[in-house]
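Using the numbering used here, read the sequence shown as starting at 305 and increasing by one per residue. Note that the Cβ used here is the ideal one computed from N, Cα and C, for glycine as well. Below: the structure, in structure tokens.
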Amino acid sequence: MEKPTFYITTPIYYPSAKLHIGHAYCTVASDAIARYKRLCGYDVMFLTGTDEHGQKIEDKAKAAGVTPQQFVDKIVTGEKGVLDLWKLMNISNDRFIRTTDDYHVRSIQRIFRKMYDNGDIYKGKYSGMYCTPCESFWTESQLVNGRCPDCGGEVKYAEEEAYFFRLSKYADRVRELLLGGEFLEPASRVNEMVHNFLDCEGGLQDLCVSRTSFTWGVPVDFDPGHVVYVWIDALFNYTTALGYENDAYHDFDRYWPADVHIVGKEIVRFHSIIWPAMLMSVGLPLPKKVYGHGWLIMDGGKMSKSKGNVVDPYMLAERYGVDALRFFLLRSFPFGSDGSFSNELLISTINTDLANDLGNLLSRTTAMAGKYFGGTLPEAQEAGPEDAELLEMLAALRGRYAAQMEKFQMQNALAEVFRVISRANKYIDETAPWVLAKDEAKKPRLARVLYNLLESLRICGTLLRPFMPESMEKLAAQIGAPEAAMSWEAAEQYGVLPAAASVTKGENLFPRIDMEKELAALEELKKPETDPIEPFKENIVFDDFEKCDFRVCRVLKCEAVKKSQKLLRFELDDGSGVTRQILSGIAMHYKPEELVGKTVAAIVNLPPRKMMGLESCGMLLSAVRMVNGKEELHLVMLDDAVPTGSVLC
Ligand code: ME8
Numbered sequence: 305m306e307k308p309t310f311y312i313t314t315p316i317y318y319p320s321a322k323l324h325i326g327h328a329y330c331t332v333a334s335d336a337i338a339r340y341k342r343l344c345g346y347d348v349m350f351l352t353g354t355d356e357h358g359q360k361i362e363d364k365a366k367a368a369g370v371t372p373q374q375f376v377d378k379i380v381t382g383e384k385g386v387l388d389l390w391k392l393m394n395i396s397n398d399r400f401i402r403t404t405d406d407y408h409v410r411s412i413q414r415i416f417r418k419m420y421d422n423g424d425i426y427k428g429k430y431s432g433m434y435c436t437p438c439e440s441f442w443t444e445s446q447l448v449n450g451r452c453p454d455c456g457g458e459v460k461y462a463e464e465e466a467y468f469f470r471l472s473k474y475a476d477r478v479r480e481l482l483l484g485g486e487f488l489e490p491a492s493r494v495n496e497m498v499h500n501f502l503d504c505e506g507g508l509q510d511l512c513v514s515r516t517s518f519t520w521g522v523p524v525d526f527d528p529g530h531v532v533y534v535w536i537d538a539l540f541n542y543t544t545a546l547g548y549e550n551d552a553y554h555d556f557d558r559y560w561p562a563d564v565h566i567v568g569k570e571i572v573r574f575h576s577i578i579w580p581a582m583l584m585s586v587g588l589p590l591p592k593k594v595y596g597h598g599w600l601i602m603d604g605g606k607m608s609k610s611k612g613n614v615v616d617p618y619m620l621a622e623r624y625g626v627d628a629l630r631f632f633l634l635r636s637f638p639f640g641s642d643g644s645f646s647n648e649l650l651i652s653t654i655n656t657d658l659a660n661d662l663g664n665l666l667s668r669t670t671a672m673a674g675k676y677f678g679g680t681l682p683e684a685q686e687a688g689p690e691d692a693e694l695l696e697m698l699a700a701l702r703g704r705y706a707a708q709m710e711k712f713q714m715q716n717a718l719a720e721v722f723r724v725i726s727r728a729n730k731y732i733d734e735t736a737p738w739v740l741a742k743d744e745a746k747k748p749r750l751a752r753v754l755y756n757l758l759e760s761l762r763i764c765g766t767l768l769r770p771f772m773p774e775s776m777e778k779l780a781a782q783i784g785a786p787e788a789a790m791s792w793e794a795a796e797q798y799g800v801l802p803a804a805a806s807v808t809k810g811e812n813l814f815p816r817i818d819m820e821k822e823l824a825a826l827e828e829l830k831k832p833e834t835d836p837i838e839p840f841k842e843n844i845v846f847d848d849f850e851k852c853d854f855r856v857c858r859v860l861k862c863e864a865v866k867k868s869q870k871l872l873r874f875e876l877d878d879g880s881g882v883t884r885q886i887l888s889g890i891a892m893h894y895k896p897e898e899l900v901g902k903t904v905a906a907i908v909n910l911p912p913r914k915m916m917g918l919e920s921c922g923m924l925l926s927a928v929r930m931v932n933g934k935e936e937l938h939l940v941m942l943d944d945a946v947p948t949g950s951v952l953c
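In structure tokens:
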């Protein structure tokens, strides 16, 4: 019988800088799902790749003094580049797409023309505030403190003749799709999309889908000077990589529609609104699901690559082992929500789950099998009353695990496995094999106890294969399990391991880490590479400085602004007795609750401006610096003894 198919994709990442642990998180999660589906017997197509066009890349290449192609080649195929990273992380992708691949470029031109020919793309004029890093135009009202609401960067007024996609035409069908319940998960993201983009003021607007201000993109073949908007170029990768509108591959009919697009929450909008509308336009079936996962937030609430080596997946994998890192990423954070990354958590997860629980179970079991039976258990075995609970848990485990994996709840699936591992460790204490070993008459009982432990390791080890493929192969070798015994079918059965299996105590798969020493060593490595500082500005006259009214304020209240990913709303005591409201685009850097009570500095004589319907009376001062190509932002905080209303001069 032909295997059922399963098509899974990651986002295609921008090779504008080296990838970090956040990218690895998404790719490892997708890899675990792909491996799980293969284990279950599916014919899996797992796609990842790189999104190589756009102004950001063009600018970066220019700054580096190389061509855009040379720039992306280095990051993608160069030493310790994207391909090397996925190899190191043992990513089992079946295909890798680069949007600069010829076949993709030609396909995008055909697709763009198709939408033009069917009337869904038309020529118009675009004007607005443009953010280069995000490749996005914004209206004045969408800006936050005059800056890009997505990345907080500078925006510039720009005007260009451009092609537009009739996104508005698909609003009703997209709404229906989103509210249908199955398409976008977690469900919490559905309301966010419907409220923010479909039911917002003005509704769903047509989308500008070409650019003339730069050239690093797919040229619109019927209108020289225009390049295709990078998101159209990017989203269609999921189809061109299978051979849609090209001859490079021939499995579009086999795998499309995708079973799931795994994406970070910040690009759910592109995947759940724009992508389905464009597919509707070209008459293709829609993907079955878009799953928007949460972000890894770095120590101290700040998500940033700027912590240098500490968040470099290369460094972590080299220090702790690829499997330990893969396991940590999926064991520690619920996939649909944000998770706080810290070195302490990483080390304690490795120590608790891998070194103590799994590692101990494996080494104790294999050591006892060696010591008491020379590595081969006898056929004569005797069941005992202590067996029941462990065997019941083992029998139910595959089903419980699968229920979680099918929902992409890898953390819960792992929790199920580790519940059984803990139970097995407890079973050792309950049965006390070292006592049984003293009595020759109890050898059959001892043999069964060890057999049950080996069976626990076999079943748990099988279910851990998608997470730690290499280590579980080693585990299988140590317990003497042939490949067939580590299969999905066998994971539901007891008694699969041959009684005469040859058990060997091998290397310690997960050595314990000395937390204190390791944290100190990591601290040493934590020297961020800072980029050159901003050039100093021209001198101003003293009077200009005197006109600025900087004051000391205390944060009375701070909360996230609804519908905004970037904006926090502050209520401040500025010393006047009247509470001052300021909106600040720093939600990516701070959690509101950590700012309440802090003493901050604000410029208070800027004209009030409205953002997201709220008035902002001033601006909070922050210290900003580029580190490793990313903006590092710290809100300026003063000693709490400074009275509010004090003038900064
Ligand atoms: O958005 N935590 O590329 P990108 C968790 N080219 N996941 C993270 C993360 C973090 N801190 N940082 C990044 C793009 N990611 C587009 C995609 S798709 C047609 C085009 C992951 O390089 C997460 O999955 O900015 C996020 O969506 C993706 O990397 C963004 O990668």
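Problem - Residue closest to Leu-761, alpha-carbon to alpha-carbon, out of Met-772, Ile-783, Lys-742 and Lys-747 - result: If you number the sequence shown from 1, residue 761 lands on position 457. Leu-761 has its Cα closest to that of Ile-783, out of Met-772, Ile-783, Lys-742 and Lys-747.
Problem - Length of the line joining the Cα atoms of Met-607 and Val-376 - result: Within the sequence shown, numbered from 1, the residue matching residue 607 stands at position 303. Within the sequence shown, numbered from 1, the residue matching residue 376 stands at position 72. Interpretation of Met-607 is limited by its pLDDT of 45, a score under 50 that renders its predicted location unreliable; no figure is taken from the coordinates.
Exercise for the section: Compute the Euclidean distance between the alpha carbons of Asn-660 and Glu-734, then round it to the nearest angstrom. Expected result: Mapped onto the sequence shown, residue 660 falls at position 356. Mapped onto the sequence shown, residue 734 falls at position 430. As the crow flies, the alpha-carbon of Asn-660 is around 18 Å from that of Glu-734.
Practice task
In angstroms with no decimal places, state the Cα-to-Cα distance between Phe-310 and Met-349.
Solution key: Position 6 of the sequence shown, counted from the first residue, corresponds to residue 310. Position 45 of the sequence shown, counted from the first residue, corresponds to residue 349. If I take the Cα positions, the gap works out to 6 Å.
Practice task
Using 7 Å as the cut-off, classify the Cβ of His-270 as near or not near the heavy atoms of ligand 1, replying yes or no.
Solution key: This structure cannot settle anything about residue 270, because the visible part of the chain is limited to 305 through 953.
Exercise for the section: Closer than 7 Å by C-beta to Val-946: which residues in its own chain qualify, once you throw out the five before and the five after it? Chain order, please. Expected result: As a first step, residue 946 is located in the sequence shown; it is residue number 642 there, counting from the start. Here the set comprises Val-856 and Thr-903.
Problem - Exposed unless 16 or more other CB atoms sit within 10 angstroms - verdict on Ser-868 - result: Here residue 868 is taken as the residue at index 564 of the sequence shown, counted from 1. Burial call: buried.
Exercise for the section: Go ahead and pull the three-state DSSP assignment for Ser-791. Expected result: Here residue 791 corresponds to residue number 487 of the sequence shown, with the count starting at 1. DSSP, read as helix, strand or coil, puts Ser-791 in coil.
Problem - Assigned exposure category for Gln-373 - 16 Cβ within 10 Å defines buried - result: Taking the first residue of the sequence shown as 1, we reach residue 373 at position 69. Exposed, since its Cβ has fewer than 16 Cβ neighbours within 10 Å.
Problem - Proximity to Ala-538 [Cα-Cα], best of Glu-439, Leu-483 and Glu-486 - result: Within the sequence shown, numbered from 1, the residue matching residue 538 stands at position 234. That would be Glu-439, whose Cα lies nearest to the Cα of Ala-538.
Handout entry: Check whether Ser-726 and Asp-627 have beta carbons under 8 Å apart
Key = Sequence index remark: in the sequence shown, residue 726 carries index 422 (1-based). Sequence index remark: in the sequence shown, residue 627 carries index 323 (1-based). It is not a contact, given that the beta carbons lie outside the stated cut-off.
Problem - ligand 1 heavy atom lying under 7 Å from the CB of Ala-538 - result: As a working mapping, residue 538 is identified with position 234 in the sequence shown. Ala-538 Cβ: within cutoff of ligand 1.
Handout entry: Beta-carbon contacts of Pro-748 that lie in its chain and below 8 Å, excluding the five residues immediately before and after
Key = Residue mapping note: residue 748 aligns to position 444 of the sequence shown, counting from 1. Result list for Pro-748: Pro-682, Ala-684, Gln-685 and Glu-686, in chain order.
Handout entry: Phe-310, enclosing beta strand (DSSP E) - first and last residue
Key = In the sequence shown, counting from the first residue as 1, residue 310 sits at position 6. 309 to 317 is the span of the beta strand (DSSP E), which, as asked, contains Phe-310.
Problem - Leu-600: CB within 7 Å of a non-hydrogen atom of ligand 1 - result: Indexing the sequence shown from 1 puts residue 600 at position 296. Yes, the Cβ of Leu-600 comes within 7 Å of a heavy atom of ligand 1.
Problem - Proximity below 8 Å, CB of Trp-390 to CB of Thr-352 - result: Taking the first residue of the sequence shown as position 1, residue 390 is located at position 86. Taking the first residue of the sequence shown as position 1, residue 352 is located at position 48. Cβ distance < 8 Å, so Trp-390 and Thr-352 count as in contact.
Handout entry: In DSSP terms, what Thr-883 is bridged to
Key = Residue 883 sits at position 579 when you count from the first residue of the sequence shown. The bridge partners DSSP lists for Thr-883 are Asp-877.
Handout entry: Sheet register partners of Val-928 (DSSP bridge)
Key = As a working note, residue 928 is residue 624 in the sequence shown. DSSP lists Leu-937 as partners of Val-928.
Exercise for the section: Could you pull out every unbroken alpha helix (DSSP H) segment of at least 4 residues lying fully inside the segment 826 to 872, listed in chain order? Expected result: 846 to 851
Problem - N- and C-terminal bounds of the beta strand (DSSP E) containing Ile-571 - result: Taking the first residue of the sequence shown as position 1, residue 571 is located at position 267. Here Ile-571 belongs to no beta strand (DSSP E), and DSSP marks it neither H nor E.
Practice task
Identify, in the order they occur along the chain, each residue of the same chain with its Cβ nearer than 6 Å to the Cβ of Tyr-548, setting aside the five sequence neighbours on each side.
Solution key: For the purposes of this step, residue 548 is taken as the residue at position 244 of the sequence shown. Contacts found: Phe-556.
Exercise for the section: Identify the continuous alpha helix (DSSP H) that holds Met-714 and give its terminal residues. Expected result: Locating residue 714 in the sequence shown gives position 410, counting from the first residue. Unbroken alpha helix (DSSP H) run through Met-714: 714 to 735.
Exercise for the section: Measure the alpha-carbon distance for Val-614 versus Leu-600 and round it to whole angstroms. Expected result: As a first step, residue 614 is located in the sequence shown; it is residue number 310 there, counting from the start. As a first step, residue 600 is located in the sequence shown; it is residue number 296 there, counting from the start. Interpretation of Val-614 is limited by its pLDDT of 45, a score under 50 that renders its predicted location unreliable; the figure taken from the coordinates is listed afterwards. Leu-600 has its alpha-carbon roughly 13 Å from the corresponding atom of Val-614.
Practice task
Compute the Euclidean distance between the alpha carbons of Ile-890 and His-499, then round it to the nearest angstrom.
Solution key: Start at 1 with the first residue of the sequence shown, and residue 890 comes out as number 586. Start at 1 with the first residue of the sequence shown, and residue 499 comes out as number 195. Answer to the nearest angstrom: the Cα atoms are 22 Å apart.
Handout entry: Distance, Glu-710 Cα to Leu-392 Cα
Key = As a working note, residue 392 is residue 88 in the sequence shown. As a working note, residue 710 is residue 406 in the sequence shown. Taking the straight line from one Cα to the other gives about 26 Å.
Problem - Cβ neighbour criterion (16 or more within 10 Å) applied to Leu-829 - result: By one-based count along the sequence shown, residue 829 stands at place 525. Flag for Leu-829 reads exposed.
Problem - Tyr-624 beta carbon less than 8 Å from that of Ile-577 - result: By one-based count along the sequence shown, residue 577 stands at place 273. By one-based count along the sequence shown, residue 624 stands at place 320. Not a contact, by the Cβ cut-off of 8 Å.
Exercise for the section: Could you please give the first and the last residue of the uninterrupted beta strand (DSSP E) stretch that includes His-408? Expected result: Locating residue 408 in the sequence shown gives position 104, counting from the first residue. Run containing His-408: none in the beta strand (DSSP E); it sits in the alpha helix (DSSP H), 406 to 421.
Handout entry: Asn-812: CB within 7 Å of a non-hydrogen atom of ligand 2
Key = Ligand 2 is not part of the structure shown, which contains ligand 1 as its ligands.
Exercise for the section: Could you tell me the distance, in whole angstroms, from the CA atom of Leu-925 to the CA atom of Gln-885? Expected result: Locating residue 925 in the sequence shown gives position 621, where the first residue counts as 1. Locating residue 885 in the sequence shown gives position 581, where the first residue counts as 1. C-alpha separation (whole angstroms): 14 Å.
Practice task
Under 6 Å Cβ to Cβ from Leu-718, same chain only, skipping five residues before and after it: list those, please.
Solution key: The residue labelled residue 718 in the question sits at position 414 within the sequence shown. Closer than 6 Å at the Cβ level, and outside the excluded window around Leu-718, lie Arg-635.
Handout entry: Euclidean distance between Cα positions of Gly-672 and Ala-805
Key = The residue given as residue 672 occupies position 368 in the sequence shown. The residue given as residue 805 occupies position 501 in the sequence shown. Per the sequence shown, residue 672 should be read as Met rather than Gly. Distance between the alpha carbons of Met-672 and Ala-805: 14 Å.
Practice task
Spell out the partners DSSP gives Trp-442 in its beta bridges.
Solution key: Your numbering for residue 442 matches position 138 in the sequence shown. According to DSSP, which records beta bridges pairwise, Trp-442 is partnered with Met-433.
Exercise for the section: Check whether the Cβ of Cys-852 lies closer than 7 Å to any heavy atom of ligand 1, and answer yes or no. Expected result: Along the sequence shown, one-based indexing puts residue 852 at 548. Checking the Cβ of Cys-852 against ligand 1 gives no.
Problem - Tyr-971 Cβ short of 7 Å to ligand 1 heavy atom set - result: In the structure as shown, the chain begins at 305 and stops at 953. Residue 971 is therefore absent and cannot be evaluated.
Practice task
Would you mind working out which of Arg-702, Met-892 and Lys-307 sits nearest Glu-935, comparing C-alpha positions?
Solution key: Position 631 of the sequence shown, counting from 1, holds the residue named residue 935. Closest by alpha carbon: Met-892.
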